[in-house]
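Colleague: My questions will all concern the structure given below.
Protein chains: 2
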Amino acid sequence: MLTRLESAIRTIPDFPKPGVQFKDITPILANPELFLEAIELLKTPYSSADVTHVVGMESRGFWFGAALAERLAAGFIPARKLGKLPGPTIQEEYELEYGTDGLEIHSDVLGPGNRVIIHDDVIATGGTAAAASRLVKRTGAEVVGFSFFVDLTFLKGKDKLPEGVPFRAVIEV
Amino acid sequence: MLTRLESAIRTIPDFPKPGVQFKDITPILANPELFLEAIELLKTPYSSADVTHVVGMESRGFWFGAALAERLAAGFIPARKLGKLPGPTIQEEYELEYGTDGLEIHSDVLGPGNRVIIHDDVIATGGTAAAASRLVKRTGAEVVGFSFFVDLTFLKGKDKLPEGVPFRAVIEV
Numbered sequence: 270m271l272t273r274l275e276s277a278i279r280t281i282p283d284f285p286k287p288g289v290q291f292k293d294i295t296p297i298l299a300n301p302e303l304f305l306e307a308i309e310l311l312k313t314p315y316s317s318a319d320v321t322h323v324v325g326m327e328s329r330g331f332w333f334g335a336a337l338a339e340r341l342a343a344g345f346i347p348a349r350k351l352g353k354l355p356g357p358t359i360q361e362e363y364e365l366e367y368g369t370d371g372l373e374i375h376s377d378v379l380g381p382g383n384r385v386i387i388h389d390d391v392i393a394t395g396g397t398a399a400a401a402s403r404l405v406k407r408t409g410a411e412v413v414g415f416s417f418f419v420d421l422t423f424l425k426g427k428d429k430l431p432e433g434v435p436f437r438a439v440i441e442v
Numbered sequence: 270m271l272t273r274l275e276s277a278i279r280t281i282p283d284f285p286k287p288g289v290q291f292k293d294i295t296p297i298l299a300n301p302e303l304f305l306e307a308i309e310l311l312k313t314p315y316s317s318a319d320v321t322h323v324v325g326m327e328s329r330g331f332w333f334g335a336a337l338a339e340r341l342a343a344g345f346i347p348a349r350k351l352g353k354l355p356g357p358t359i360q361e362e363y364e365l366e367y368g369t370d371g372l373e374i375h376s377d378v379l380g381p382g383n384r385v386i387i388h389d390d391v392i393a394t395g396g397t398a399a400a401a402s403r404l405v406k407r408t409g410a411e412v413v414g415f416s417f418f419v420d421l422t423f424l425k426g427k428d429k430l431p432e433g434v435p436f437r438a439v440i441e442v
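Protein sequences, first through last, are from chains L and F. Using the working numbering, the first residue of the first sequence is number 270, and each one after it goes up by one. Using the working numbering, the first residue of the second sequence is number 270, and each one after it goes up by one.
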């Protein structure tokens with residue numbers, strides 16, 4: 270049986286391009302009760318992990334990511350496509366279906382002693398989350414967990430992430 | 270005397286283009302104490318306003334916006350540039366320095382009886398916030414407040430917004 274969170278996810282065929290079944294989580298965000306339930310489920314596995322920062326992936330990872338940081342009393346760090354952050358940054362590349370893309374964070378926001386969760390709304394192939402993880406490690410901070418709302422398990426994104434780091438997806442598709 | 274929130278805002282010259290003094294709020298997000306203080310200040314004027322939804326502007330308005338929605342136990346609705354939302358939308362145009370741009374929200378998330386706050390990190394000329402306000406009104410919902418972290422007062426963005434609707438900016442520059 271589907272949970273009410275699963276039922277609220279809307280599948281949009283052929284978005285953003287033909288052949289993709291896009292998982293739209295905005296109906297959950299728009300419903301106060303579901304939104305709070307989702308945040309609570311994202312938070313629970315990391316409540317006692319002494320998280321200092323949540324890194325949220327541009328831009329759908331900003332939604333639950335910022336609210337999760339607030340709920341964990343942690344800081345929030347946006348990971349963005351290249352050229353959108355105004356200060357000095359560090360960068361990592363990741364593979365796309367054709368070619369590569371870049372991800373960056375500000376270079377002066379994390380360091381040794383920080384305990385970081387990497388969040389995105391959906392994990393697909395895992396490329397961006399793996400790139401975010403490399404960025405965090407380069408600062409000397411520790412990745413203490415991965416947090417996703419939806420895991421498209423057939424794409425095996427989890428296999429791209431470092432072994433031994435806690436992984437949480439609220440919903441598996 | 271500057272408050273510690275004011276002191277934490279970083280001014281980046283010539284970003285994203287020559288002549289612009291960009292107000293970077295990411296140092297506040299990254300600091301758990303300042304992040305929570307900022308959210309609390311954004312929330313306070315609307316604590317008793319029976320807010321049902323926060324509309325956050327792409328994409329820097331997603332950061333405080335989503336956390337503010339969570340803190341108010343309200344839903345969160347992203348207002349995005351055209352073509353980025355997967356479901357059916359309603360759209361409004363707003364003026365840029367040269368030409369116009371578009372803003373949209375999903376058409377099925379708001380309606381009569383909803384009480385909405387419109388949030389962005391910075392209000393400059395007020396064009397996008399005014400467009401968001403028109404979008405909300407078209408759904409039959411009520412705009413019960415505008416919420417910004419920084420008001421660039423010399424650009425007089427407030428004058429573009431509907432009169433009589435509460436307006437809150439945590440910091441005036």
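Beta carbons are placed, not taken as given, at the ideal position from N, Cα and C, and that holds for glycine.
Could you name each continuous beta strand (DSSP E) segment of 3 residues or more that falls completely within the region 345-389 of chain L, going from the start of the chain to the end?
Modeller: Qualifying beta strand (DSSP E) stretches, in chain order: 358-364, 369-375.
Colleague: Tell me, please, whether the CB atom of PRO445 (chain L) is closer than 8 Å to any CB atom in chain F?
Modeller: Absent from the structure is residue 445 (chain L), since the part of chain L shown begins at 270 and ends at 442.
Colleague: Would you please verify whether the beta carbon of ALA455 (chain L) is less than 8 Å from any beta carbon of chain F?
Modeller: Outside the displayed span of chain L (270 to 442) sits residue 455 (chain L), for which this structure offers no information.
Colleague: Give the single residue among F:LEU421, F:VAL405, F:GLU309 whose Cα lies nearest to the Cα of PRO431 (chain F).
Modeller: As a working mapping, residue 431 (chain F) is identified with position 162 in the second sequence. Looking at the Cα atoms, F:VAL405 is the closest of the given residues.
Colleague: Can you give me the Cβ contacts of LEU354 (chain F) inside the same chain, cut-off strictly under 7 Å, excluding the 5 residues immediately before and after it?
Modeller: As a working mapping, residue 354 (chain F) is identified with position 85 in the second sequence. Same-chain partners within the cutoff: GLU373, HIS375.
Colleague: Should LYS286 (chain F) be labelled buried (16 or more other beta-carbon atoms within 10 Å of its own) or exposed?
Modeller: Locating residue 286 (chain F) in the second sequence gives position 17, counting from the first residue. Label assigned to LYS286 (chain F): exposed.
Colleague: Can you name, in chain order, every residue of its own chain whose Cβ lies under 6 Å from the Cβ of GLU361 (chain L), other than the five neighbours on each side?
Modeller: Taking the first residue of the first sequence as 1, we reach residue 361 (chain L) at position 92. So the qualifying residues of the chain are LEU372, ALA400, ARG403, LEU404.
Colleague: Tell me which residues of the region 412-437 of chain L have at least one Cβ-Cβ distance to chain F shorter than 8 Å, keeping chain order.
Modeller: Answer set for the region 412-437 of chain L: empty.
Colleague: Just to confirm the assignment, what range does the alpha helix (DSSP H) spanning ARG329 (chain F) have?
Modeller: Residue 329 (chain F) sits at position 60 when you count from the first residue of the second sequence. Here ARG329 (chain F) belongs to no alpha helix (DSSP H), and DSSP marks it neither H nor E.
Colleague: Beta-carbon separation of GLY352 (chain L) and ALA393 (chain L) under 8 Å?
Modeller: Taking the first residue of the first sequence as position 1, residue 352 (chain L) is located at position 83. Taking the first residue of the first sequence as position 1, residue 393 (chain L) is located at position 124. Against a cut-off of 8 Å, the Cβ pair of ALA393 (chain L) and GLY352 (chain L) comes out as no contact.
Colleague: Between THR295 (chain L) and chain F, is any beta-carbon pair separated by less than 8 Å?
Modeller: Counting from 1 along the first sequence, the entry for residue 295 (chain L) is found at position 26. Yes, because at least one Cβ of chain F sits closer than 8 Å to the Cβ of THR295 (chain L).
Colleague: In angstroms with no decimal places, state the Cα-to-Cα distance between ALA338 (chain F) and VAL378 (chain L).
Modeller: One-based indexing of the second sequence puts residue 338 (chain F) at position 69. One-based indexing of the first sequence puts residue 378 (chain L) at position 109. Each residue's alpha carbon lies about 25 Å from the other.
Colleague: Fully enclosed by the region 275-336 of chain F, which beta strand (DSSP E) runs are 3 residues long or longer?
Modeller: As far as the region 275-336 of chain F is concerned, its whole beta strand (DSSP E) runs of at least 3 residues are 279-282, 290-293, 322-326.
Colleague: Between which two residues does the alpha helix (DSSP H) containing ALA343 (chain F) stretch?
Modeller: Within the second sequence, numbered from 1, the residue matching residue 343 (chain F) stands at position 74. Segment: none, ALA343 (chain F) is in no alpha helix (DSSP H) and carries neither H nor E.
Colleague: Tell me which residues share the same chain as VAL439 (chain L) and place their Cβ nearer than 8 Å to its Cβ, disregarding the 5 neighbours each side in the sequence.
Modeller: Working through the first sequence from its first residue, we reach residue 439 (chain L) at position 170. These residues qualify, in order along the chain: LEU274, ALA307, LEU310, LEU311, PHE417, PHE418, VAL419.
Colleague: So, does the CB of ALA410 (chain F) fall closer than 8 Å to a CB anywhere in chain L?
Modeller: Indexing the second sequence from 1 puts residue 410 (chain F) at position 141. False, the Cβ-Cβ gap to chain L never drops below 8 Å.
Colleague: Just curious, the alpha helix (DSSP H) that GLY396 (chain F) is in, first and last residue?
Modeller: What you label residue 396 (chain F) is simply residue 127 of the second sequence in a count that begins at 1. Unbroken alpha helix (DSSP H) run through GLY396 (chain F): 396-407.
Colleague: With a cut-off of 8 Å on the beta carbons, I'd call PRO296 (chain F) and THR321 (chain L) a contact; round off their distance for me.
Modeller: Sequence index remark: in the second sequence, residue 296 (chain F) carries index 27 (1-based). Sequence index remark: in the first sequence, residue 321 (chain L) carries index 52 (1-based). That belief does not hold up - the Cβ atoms of PRO296 (chain F) and THR321 (chain L) are roughly 15 Å apart, past 8 Å.
Colleague: By the three-class DSSP mapping on this structure, what secondary structure does ALA438 (chain L) have?
Modeller: Mapped onto the first sequence, residue 438 (chain L) falls at position 169. In this structure, ALA438 (chain L) counts as strand in the three-state DSSP scheme.
Colleague: To the nearest angstrom, how far is the alpha carbon of ALA348 (chain L) from that of GLU327 (chain L)?
Modeller: Position 79 of the first sequence, counting from 1, holds the residue named residue 348 (chain L). Position 58 of the first sequence, counting from 1, holds the residue named residue 327 (chain L). Going from the Cα of ALA348 (chain L) to the Cα of GLU327 (chain L) covers about 6 Å.
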